[in-house]
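Colleague:
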Amino acid sequence: MFRRILVALEPENSSRAVLDEAIAIALPLQSQLNLVSVIYPLESGYPNPMYLSMDGFHTIIPTEAYLSYTQDWQTTQVDRQRWLRSQAAYAQQQGLTVDYTQPVGDPGHCLCDLAEQWQASLIVIGRRGRLGLSELLLGSVSNYVMHHAPCSVLTVQGQAKPAGVKQASSLTAYSSTGAS
Numbered sequence: 006m007f008r009r010i011l012v013a014l015e016p017e018n019s020s021r022a023v024l025d026e027a028i029a030i031a032l033p034l035q036s037q038l039n040l041v042s043v044i045y046p047l048e049s050g051y052p053n054p055m056y057l058s059m060d061g062f063h064t065i066i067p068t069e070a071y072l073s074y075t076q077d078w079q080t081t082q083v084d085r086q087r088w089l090r091s092q093a094a095y096a097q098q099q100g101l102t103v104d105y106t107q108p109v110g111d112p113g114h115c116l117c118d119l120a121e122q123w124q125a126s127l128i129v130i131g132r133r134g135r136l137g138l139s140e141l142l143l144g145s146v147s148n149y150v151m152h153h154a155p156c157s158v159l160t161v162q163g164q165a166k167p168a169g170v171k172q173a174s175s176l177t178a179y180s181s182t183g184a185s
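Take the sequence shown: its letter number 134 is residue 139 in our numbering, and every next letter is one higher.
1) Looking at the secondary structure, which residues open and close the beta strand (DSSP E) in which Ile28 lies?
2) Within 10 angstroms of the Cβ of Ser147, are there 16 or more other Cβ atoms? Answer buried if so, exposed if not.
3) Tell me, which residues are paired with Leu38 by DSSP?
4) Label Arg91 either buried or exposed according to how many other C-beta atoms from any shown protein chain fall within 10 Å of its C-beta, with 16 as the threshold for buried.
5) Give the single residue among Val150, Pro46, Gln99 whose Cα lies nearest to the Cα of Leu229.
6) So, for Thr160: in the same chain, excluding its five sequence neighbours on each side, which residues have a beta-carbon less than 6 Å away from its beta-carbon?
7) Taking Val83 as the reference, which of Val109, Gln97, Asp104, Gln37 has the closest Cα?
8) Taking 9 Å as the threshold (C-beta atoms), are Ser157 and Ser126 in contact?
9) Using the three-state DSSP reduction, which class does Ser126 fall into: helix, strand or coil?
10) Could you check where the alpha helix (DSSP H) with Ser147 kicks off and where it finishes?
11) Quick one: give me the first and last residue of the alpha helix (DSSP H) that Leu89 is part of.
12) Spell out the partners DSSP gives Gly131 in its beta bridges.
13) Are the beta-carbon atoms belonging to Ala120 and Leu40 less than 9 Å from one another?
14) Count the other CB atoms within 10 Å of the CB of Tyr71; is the residue buried (16 or more) or exposed (fewer)?
15) Using the C-alpha atoms, what's the distance from Met151 back to Ser180?
16) For Thr102, which residues in the same chain have their Cβ closer than 6 Å to its Cβ, ignoring the five residues on either side in sequence?
17) Count the other C-beta atoms from every protein chain shown that fall within 10 angstroms of the C-beta of Glu15, then say buried if there are 16 or more, exposed otherwise.
18) Could you say which of Ser19, Leu47, Ile30, Ser42 lies nearest to Ile10 if we only look at CA atoms?
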């Protein structure tokens with residue numbers, strides 16, 4: 006069944022819910038987990054190289070700016086690696102075999118490529134709950150993964166809810182025959 010579970014994490018509150026869901030699936034099956042935290046340089050919160058100036062046709066990168074950016078980038082990678090290692094330790098304490106990976110690039114593409122290379126049977130990923138224009142403008146990693154993954158995908162709903170939307174108090178399962 007789900008022997009190799011790829012778990013997409015990012016350092017936010019919803020990541021623990023994603024990891025706990027993956028652990029709950031993995032424990033009875035003794036599945037192997039691969040925790041993945043993709044670093045995407047173009048996303049907010051990462052060091053920004055956009056303080057470069059143009060001089061004619063050549064881009065000029067002041068030495069101080071380059072050194073500052075490089076140092077910030079290395080700090081970001083080390084901090085993320087430390088956080089990812091702590092998440093792996095948490096999963097290992099539950100008795101599971103756990104690897105972790107920190108690729109750099111577009112999160113959707115990286116997750117799908119890694120799932121294929123690692124031969125994952127399931128991807129567990131969080132979903133922030135963006136809807137409509139917000140999802141259109143900001144994109145949705147979980148949506149991309151659901152449509153391009155080489156395996157099954159489980160999305161775990163995050164905390165964010167649009168105004169006026171109530172969370173369901175119970176779930177009802179429907180089959181194609183209409184019985185529940």
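Where a beta carbon is used, it is the ideal one built from N, C-alpha and C, also for glycine.
Modeller: The structure says:
1) Here residue 28 corresponds to residue number 23 of the sequence shown, with the count starting at 1. From DSSP, Ile28 is part of no beta strand (DSSP E) but of the alpha helix (DSSP H) over 19 to 34.
2) If you number the sequence shown from 1, residue 147 lands on position 142. Buried is the call here.
3) For this step, residue 38 is matched to residue 33 along the sequence shown. Ile10, Val103.
4) Locating residue 91 in the sequence shown gives position 86, counting from the first residue. First, the amino acid is wrong: residue 91 is Ser here, not Arg. Exposed: under 16 other Cβ atoms inside 10 Å.
5) Here the chain comprises residues numbered 6 to 185, so residue 229 is not present and cannot be evaluated.
6) As a working note, residue 160 is residue 155 in the sequence shown. So the list reads Ile130, Arg132, Ser147, once near-sequence residues are dropped.
7) Position 78 of the sequence shown, counted from the first residue, corresponds to residue 83. Comparing Cα-Cα distances from Val83 to each of Val109, Gln97, Asp104, Gln37, the minimum goes to Val109.
8) Walking along the sequence shown from the start, residue 126 turns up at place 121. Walking along the sequence shown from the start, residue 157 turns up at place 152. Yes, the pair counts as a contact, with Cβ atoms nearer than the cut-off.
9) Here the question's residue 126 lines up with position 121 in the sequence shown. In the structure shown, Ser126 sits in coil (DSSP, three-state: anything other than H, G, I, E or B).
10) Position 142 of the sequence shown, counting from 1, holds the residue named residue 147. Here the alpha helix (DSSP H) through Ser147 covers 146 to 153.
11) Here residue 89 corresponds to residue number 84 of the sequence shown, with the count starting at 1. Taken as a continuous stretch (DSSP letters only), the alpha helix (DSSP H) holding Leu89 covers 68 to 98.
12) Here residue 131 refers to the residue found at position 126 when the sequence shown is read from its first residue. Val161, per the DSSP bridge assignment.
13) Within the sequence shown, the letter at position 115 stands for residue 120. Within the sequence shown, the letter at position 35 stands for residue 40. No, the pair does not count as a contact, with Cβ atoms beyond the cut-off.
14) Position 66 of the sequence shown, counted from the start, is the residue given in the question as residue 71. Exposed.
15) As a working note, residue 180 is residue 175 in the sequence shown. As a working note, residue 151 is residue 146 in the sequence shown. Since pLDDT at Ser180 reaches only 34, below the 50 mark, its modelled position is unreliable, and the value read off the structure follows with that caveat. Roughly 21 Å separates the two Cα atoms.
16) As a first step, residue 102 must be located in the sequence shown, where it is residue number 97. Once the five neighbours on either side are set aside, the close Cβ partners of Thr102 are Gln37.
17) Locating residue 15 in the sequence shown gives position 10, where the first residue counts as 1. Glu15 is buried by the Cβ-count criterion.
18) If you number the sequence shown from 1, residue 10 lands on position 5. Of the candidates Ser19, Leu47, Ile30, Ser42, the one whose C-alpha sits nearest the C-alpha of Ile10 is Ile30.
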